[in-house]
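Numbering (my numbering), first residue to last: 450 to 1237.
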């Protein structure tokens, strides 16, 4: 996703020579020759955390907004630049977001919500019937009626309230409503049975939703003051005093995990330090069987992470630093978790201990404990998550004493130890990898270079947009999602609760280095796949050739339907794989095309990615002239003109045809991808002459012979891409800027089985360029396309 961080990548000439010579003389081209100098062979190419709302009773956190509804909510997967270590949150308890395809909603927890099994007062173990979630049921009720409505609802229903705005937000979450629900938490805690049968998960989740919504809609909701502060303290005091709040079960863990997050949402970090210490002390390996209990203890680190922005919390720890001791005891006492599925618990404890180095008053306390944890780990291996987490904190908060920790020049240390392979893929692409074989590097390079040609064939650009200096991209590949989580934050300043991150930077700045930070999808082994490689690489190409300026400029109007939809379209169509999830959505017919032009990142991921894909595919394949106009405006940075064209000129004109197309798509017409982009056939009278963004189909030659083509490139061309595809047999691709290309005379070549080859020529000189297809095995029906 091209998005800011949430704030928001296979041979001699024959009898053809005399005929070729005659044709060459007739048009003033050099003769196609049987032998010449051998050139250097070119590379072949074939195809969240909690934070409080502003309020009258306390200062707003300066960090991220309050946690959203899902325990596995993903962060954005693109960013403009490096985040500070102080901005990087603890690792999440779930790695779902690292393994799910874009557009897929968060997976349900391994242990489903217990509140989904019974209504309040119902029979445990019996699944609740689905019910419509009516917002007015919450906005029109007050007092005990509101409480009963919340407790009778499912957590899925309450989760939808995180999206309220305007009058609905005020109706549901004004201070009086929140105080009523906080009092219900207090009253319900006295007899809390340790499960969802009395509606406690919904009650706590409703309060979290209120703080979240008020943060973003303070004017609509109104201020929160002493009334709510008194009530929330009473509610949380009573809950944490309940004996069953310490039950080690999923049934209790659901409410407990939400209540720990609520501590921070309500800015009560200082008051409940004892709860944090208790959770850290109570944890043992029996908790590992409970998804919700693991979330509960991991949420401790959210409260400490955000607590540094609450003066009362810092003051409390300065007065009694026992919380620091608790973090140290947890990290040092649970080293055996490193290398397991619960590794994040230990590494988070070390990271959060190190974060206290920012306070001079606590540094003498923290420093020896941090040194001890660093000695317990190493920069690579199973203990690396702990070592890197602590090292990152020492480097950021106490760099002057780096020699004490052994973390001087940390970035260089990490690069030397981890990214041991540098592979120059092309003049514009460099791969830096932790562990990839030569074959894996070559295949990845081939995929990226082939995508270059495919991309240019689809969008028919004329080179980079004005003021874009992002002429190269660095593709960083970690060996697994776990390695990505261990190292990427410290090395590149990114949150890692996502499927990889594209960092665009400022494309107009000299020396800017765009970078895609990725990882191998280890869960797909023995197959090798870099997760989201082609989607993210599309963002780089789209940003350079289609979207003027940086990310923020590109989303001044709703362009997300194109940004994410196009990345999905290229990723699937270029690889020639179906997108069944999008086809399923087409069958549902949820959105009019005209509605999708309004998509933003505030919409759900299914609309952003899967419906974005459908909209882009429809427009590119059925209305290319309209897309040429829109892309022209995008390239010029005339966002308002593009917006006016989509909402005015196009408007609802195609909505009816769109519905017909969706039905056909769902029935199977869209079931396959294609590696041949929509291409215009070249129209020159010489059947060998290629041109700008066009193709010559039907090329053929018998074994050992050639098919010859050429084109004339104008001065100032920044890149020429040559692509072959389709047909039967086996054709190799040769190129020369000096005369007819062949196996003995070429500037670049792309060889190997099949007919899918790509060559990229950067800054080609003005004049005639020569392209030959050599028949390793007689070929027929091959298409040759050129783009510049």
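Glycine residues also receive a C-beta, built at the ideal position from the N, C-alpha and C atoms. Predicted model, so just to flag it, every value in this text is computed and none were measured.
Other residues of its chain near residue i: CB distance less than 7 angstroms, five sequence neighbours each side excluded
i, result
"residue 923", "879, 881, 962 and 964"
"residue 557", "Unreliable placement is indicated for residue 557, whose pLDDT of 43 sits below 50; the coordinate value is still reported in the next sentence. If we look at residue 557 and ignore the five residues flanking it on each side, it has no Cβ neighbours."
"residue 730", "775"
"residue 504", "Bear in mind that a pLDDT of 35 at residue 504, under 50, signals an unreliable position, so the number given afterwards is only what the model happens to contain. Only 672, 673 and 674 meet the Cβ criterion."
According to DSSP, residues forming a beta bridge with residue i
i, result
"residue 1174", "1232"
"residue 1185", "1219"
"residue 900", "Partner(s): none; residue 900 has no beta bridge."
"residue 838", "DSSP, once it has assigned bridges, lists no residue as partnering residue 838."
"residue 600", "DSSP output for residue 600 lists no bridge partner at all."
"residue 1155", "1223"
"residue 1138", "1159"
"residue 769", "In DSSP, residue 769 forms no bridge with anything."
"residue 950", "966"
"residue 878", "922"
"residue 592", "None; residue 592 has no bridge partner."
"residue 979", "969"
"residue 1191", "1194"
"residue 873", "879"
"residue 1168", "1211"
Range covered by the beta strand (DSSP E) that runs through residue i
i, result
"residue 1206", "1206-1211"
"residue 851", "First-last for residue 851: 851-854, but that is the alpha helix (DSSP H), not the beta strand (DSSP E)."
"residue 996", "Counting along the chain, residue 996 falls outside any beta strand (DSSP E), and DSSP gives it neither H nor E."
"residue 587", "It is not in any beta strand (DSSP E) - residue 587 instead sits in the alpha helix (DSSP H) that spans 585-588."
"residue 543", "From DSSP, residue 543 is part of no beta strand (DSSP E); its letter is neither H nor E."
"residue 1148", "1143-1150"
Span of the alpha helix (DSSP H), counted from its first residue to its last, around residue i
i, result
"residue 911", "First-last for residue 911: undefined, no H or E at that position."
"residue 548", "Unbroken run through residue 548: none, as it is neither H nor E."
"residue 927", "Element bounds for residue 927: not the alpha helix (DSSP H) but the beta strand (DSSP E), 922-927."
"residue 1105", "1104-1113"
"residue 1022", "1009-1024"
"residue 689", "675-690"
"residue 649", "649-665"
"residue 934", "930-941"
"residue 1085", "1073-1085"
"residue 824", "809-825"
"residue 709", "699-714"
"residue 961", "It is not in any alpha helix (DSSP H) - residue 961 carries neither H nor E in the DSSP assignment."
Beta-carbon contacts of residue i that lie in its chain and below 6 angstroms, excluding the five residues immediately before and after
i, result
"residue 935", "833, 834 and 837"
"residue 1090", "1082"
"residue 551", "1058"
"residue 845", "534"
"residue 602", "651"
"residue 489", "Note that residue 489 has pLDDT 31, beneath the 50 cutoff, so the model's placement of it is unreliable and the number below is only indicative. None."
Burial state of residue i (16 or more Cβ within 10 Å)
i, result
"residue 824", "exposed"
"residue 713", "buried"
"residue 1011", "buried"
"residue 1046", "buried"
"residue 797", "buried"
"residue 572", "Reliability fails at residue 572, whose pLDDT of 46 lies under 50, so the model's placement of it is uncertain and no value is given."
"residue 974", "exposed"
"residue 1179", "buried"
"residue 639", "exposed"
"residue 498", "No answer about residue 498 holds up, because its pLDDT of 35 lies below 50 and its placement is not dependable."
"residue 413", "The structure shown does not extend to residue 413, since the chain spans only 450 to 1237, so no value can be given for it."
"residue 785", "exposed"
"residue 1048", "buried"
"residue 1101", "exposed"
"residue 767", "exposed"
"residue 1060", "buried"
"residue 538", "buried"
"residue 757", "buried"
"residue 478", "Its pLDDT being 48, under 50, residue 478 is placed unreliably in this model, and the value from its coordinates should be taken loosely. Counting Cβ neighbours within 10 Å, residue 478 comes out buried, since at least 16 surround it."
"residue 1098", "exposed"
Residues near residue i in its chain [Cβ-Cβ closer than 8 angstroms; skip 5 each side]
i, result
"residue 721", "685, 689, 712 and 752"
Below 8 angstroms, can you find three or more Cβ-Cβ pairs linking the segment 902-911 to the segment 937-954? no
Kindly confirm or deny that the segment 899-906 and the segment 853-865 touch, where touching means at least three C-beta pairs closer than 8 angstroms. no
So, do the segment 661-669 and the segment 722-736 have three or more beta carbon pairs nearer to each other than 8 angstroms? no
Three Cβ pairs or more, each shorter than 8 angstroms: is that satisfied between the segment 1056-1075 and the segment 1104-1113? yes
Count Cβ pairs between the segment 1026-1041 and the segment 980-988 that sit closer than 8 angstroms; are there 3 or more? no
At least 3 beta-carbon pairs within less than 8 angstroms: the segment 799-814 vs the segment 864-876: no
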